[in-house]
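See below for the structure under consideration.
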Amino acid sequence: MRDIKKIIELKDICKRYFIGMPNELEVLHKVSISIEEGELVAIVGESGSGKSTLMNIIGALDRPTEGTYLLGGVDVAELSQNQLSHLRKGRVGFVFQTFNLVGRITARANVEMPMTYARVSKRERAERAERLLELVGMGDRSRHKPNELSGGQKQRTAIARAMANDPDIILADEPTGALDSETGRMVMDLFIDLNKSHGKTVIIVTHSQALAERTDRIITLKDGEVTGERMGSLRPGMANAGGRA
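Residue numbering for the sequence shown follows the numbering used here, starting at -1 and increasing by one per position.
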């Protein structure tokens, strides 16, 4: 029996904006979820459900107004801004719907960027970036700039960049939203491989039920509250199970 370790624990998380003002708005209402190390999880919900706000808190890009958030057993509320930045660089890799690649530099240079901030040597940055681009099927496009890449190639480059500092967690916000269904399926296959073959904890924030079905577990968010959890169709050894992204 494997040793189960919770990598993310949120307890009674609330997030408010305009605190103390007449237009005070509470976006998250006592959200409590936990995610185990090595899980592939989808957080689903319609626009306005609080998904992006929750993603920002999980990624330590924002702090909750109330509640407790433990990331790898560390209470995020007790960390300084510098400590939070260090935690993000070392433990979390981000993938966004709009790719967020720097247009004036090559795919390899984009992948190298997080390593530059982590003060990895130039030679190691280059070697690791090439390995990661090979991993995501972009080895032959490493010298191309984003405007020379298709949407799927841009997203695969973005996933390689998210892996640059070997994070424990990959956090993806609508990663197939800007892609056609076939390309989206290929990108989802890559997330599954990173999870099952490379042991990464992957959290996908999406409004797509078809995408969510290809995970281990689905958490549903509605109007800032968790309204349900259920198992996805993906199981070890079934990487091609489920619907199309």
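Beta carbons are placed, not taken as given, at the ideal position from N, Cα and C, and that holds for glycine.
The segment 16 to 24 touching the segment 186 to 201, judged by at least three CB pairs closer than 8 Å: Between the segment 16 to 24 and the segment 186 to 201 there are fewer than three C-beta pairs closer than 8 Å, too few to call the two in contact.
Expected contact under 8 Å - CB spacing of L232 and D214 to nearest Å: That belief holds up - the Cβ atoms of L232 and D214 are roughly 6 Å apart, short of 8 Å.
L147 - partner residues in DSSP beta bridges: None; L147 has no bridge partner.
Exposure of G235, with buried meaning 16 or more beta-carbon neighbours within 10 Å: At G235 the pLDDT is 43, less than 50, meaning the model places this residue with poor confidence and gives no usable figure here.
Simplified DSSP assignment, three categories, for V17: Going by the sequence as given, residue 17 is Ile instead of Val. Of the three classes helix, strand and coil, the one that applies to I17 here is coil, per DSSP.
Where H196 falls: helix, strand or coil (DSSP): Coil at H196, not helix or strand.
The segment 157 to 164 contacting the segment 80 to 96, beta-carbon criterion three pairs below 8 Å: They touch, by the three-pair rule.
For L69, three-class secondary structure by DSSP: It is a strand residue.
Alpha carbon of M136 to alpha carbon of R129, nearest angstrom: A straight line joining the alpha-carbon of M136 with that of R129 spans about 10 Å.
M113, buried or exposed, once every other Cβ within 10 Å from all chains shown has been counted against 16: Taking all protein chains shown into account, M113 has 16 or more neighbouring C-beta atoms within 10 Å of its C-beta and is therefore buried.
Bridge partner(s) assigned by DSSP for F97: F97 is not bridged to any residue.
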